[in-house]
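Inspection log for the structure reproduced underneath, given as structure tokens.
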Amino acid sequence: MKRFRQKYYDYFSRIYDRFVAIHSTDRALRLRYFLADNTGLKKGGNVLDICTGTGSALIPLKEKVQAQGRVVGVDFSIGMLQAGKSKISDDDSIFLVLADVAYLPFKNEAFHAVTCSHAFYELKGETQDNCLQEIGRVLKPGSPFLMMEHDVPKNLFIRMLFYLRLLSMGPKKALEILRHERELLMRYFRSVEKISTPTGRSKIMICKGRI
Ligand SMILES: C[S@@+](CC[C@H](N)C(=O)[O-])C[C@H]1O[C@@H](n2cnc3c(N)ncnc32)[C@H](O)[C@@H]1O
Numbered sequence: 007m008k009r010f011r012q013k014y015y016d017y018f019s020r021i022y023d024r025f026v027a028i029h030s031t032d033r034a035l036r037l038r039y040f041l042a043d044n045t046g047l048k049k050g051g052n053v054l055d056i057c058t059g060t061g062s063a064l065i066p067l068k069e070k071v072q073a074q075g076r077v078v079g080v081d082f083s084i085g086m087l088q089a090g091k092s093k094i095s096d097d098d099s100i101f102l103v104l105a106d107v108a109y110l111p112f113k114n115e116a117f118h119a120v121t122c123s124h125a126f127y128e129l130k131g132e133t134q135d136n137c138l139q140e141i142g143r144v145l146k147p148g149s150p151f152l153m154m155e156h157d158v159p160k161n162l163f164i165r166m167l168f169y170l171r172l173l174s175m176g177p178k179k180a181l182e183i184l185r186h187e188r189e190l191l192m193r194y195f196r197s198v199e200k201i202s203t204p205t206g207r208s209k210i211m212i213c214k215g216r217i
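Counted from 1, the sequence shown has number 141 at position 135 by the working numbering; the numbering is strictly sequential.
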């Protein structure tokens, strides 16, 4: 199943940015800037964006840590990372790493923040659990994990698509997320705060304090 998703994204990467440009309400990257604004990152910080895809969060994050900092995007699809490369062309403080987020190839306490935009609901079962553990491991003490995801849509058709996406995690995980998302995250972090994005269509869960 994982290999299928990887291949799916390798193919999808050819049109992903064009597809997002047509369908997304975030053409100006307002959501990604909002995500970066809430990390608390400062000049010289290190930040990891998991499931980075074509790297749409990387430039907003880079603006927070500036040239002295380090921005790392990790994804298991070589196609998505290659598509992202053109966005960061000559920037030698942004790194793209090919890896499964269930096993993050970084040292303990390496990052001042970890972000994930519109991808967490794609992680299933053990991968999701391992990933949350790994995020806690690579974060410096007290530093946040920010998980940005779609909130339950008001429009009936879009809501149906949202539920279908959740169901791809498996019915058990989907129910757990819908009913007990905060509790799920609180198995790994001491504090979990939810904020809404300016569009009102997405939310950010800000998780701190690894358990
Ligand atoms: C919907 S895209 C989101 C990309 C990006 N964060 C954005 O906001 O545009 C989901 C991404 O998650 C990646 N992904 C899914 N499962 C993964 C895993 N287990 N390890 C690493 N990347 C994964 C996919 O390859 C894809 O690039």
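Even glycine gets a Cβ: it sits at the ideal position worked out from N, Cα and C.
In the DSSP assignment, find the beta strand (DSSP E) that holds residue i and state where it starts and stops.
| i | result |
| --- | --- |
| Met154 | Phe151 to His156 |
| Gly215 | Ser208 to Arg216 |
| Ile100 | Ile100 to Leu104 |
Hey, would you say the C-beta of residue i is under 8 Å away from at least one heavy atom of ligand 1?
| i | result |
| --- | --- |
| His124 | yes |
| Arg143 | no |
| Glu182 | no |
| Val80 | yes |
| Glu155 | no |
| Tyr17 | no |
| Ala108 | yes |
| Ser5 | Because residue 5 is not part of the residues shown, which for the chain are 7 to 217, the question remains open. |
| Gln12 | yes |
| Gly176 | no |
| Gly59 | yes |
| Glu132 | no |
| Val26 | yes |
| Ile56 | yes |
Under 9 Å, Cβ to Cβ, is there at least one residue of chain C near residue i?
| i | result |
| --- | --- |
| Leu162 | The displayed structure is made up of one protein chain only, and chain C is not part of it. |
Nearest to residue i by alpha carbon, out of the options?
| i | options | result |
| --- | --- | --- |
| Gly127 | Glu69, Ser19, Val144 and Lys209 | In the sequence under discussion, the amino acid at residue 127 is Tyr, which differs from the Gly named in the question. Checked all of Glu69, Ser19, Val144 and Lys209; the closest Cα to Tyr127 is Lys209. |
| Leu110 | Ser174, Ile94, Gln88 and Leu54 | Leu54 |
| Ile217 | Lys200, Leu191 and Arg207 | Leu191 |
| Lys160 | Asp96, Ala89 and Thr205 | Thr205 |
| Leu173 | Lys130, Gln72, Asp97 and Gly90 | Lys130 |
| Leu184 | Arg9, Tyr22, Gln72 and Arg165 | Arg165 |
| Cys122 | Lys13, Ile21, Thr45 and Gly215 | Thr45 |
| Asn52 | Phe117, Ala125 and Lys70 | Phe117 |
| Met86 | Asp98, Glu155, Asp97 and Leu102 | Leu102 |
| Gly142 | Lys214, Tyr39 and Arg9 | Lys214 |
Any idea if residue i is buried or exposed, counting beta-carbon neighbours within 10 angstroms, 16 or more meaning buried?
| i | result |
| --- | --- |
| Gln134 | buried |
| Val78 | buried |
| Ala63 | buried |
When the distance is taken between beta carbons, is residue j closer than 9 Å to residue i?
| i | j | result |
| --- | --- | --- |
| Phe151 | Ile100 | no |
| Thr58 | Val80 | yes |
| Ala180 | Cys137 | no |
| Glu115 | Pro147 | yes |
| Arg11 | Ala89 | no |
| Val144 | Phe112 | yes |
Name the two residues that bound the continuous alpha helix (DSSP H) containing residue i.
| i | result |
| --- | --- |
| Val144 | Gly131 to Val144 |
| Gly46 | From DSSP, Gly46 is part of no alpha helix (DSSP H); its letter is neither H nor E. |
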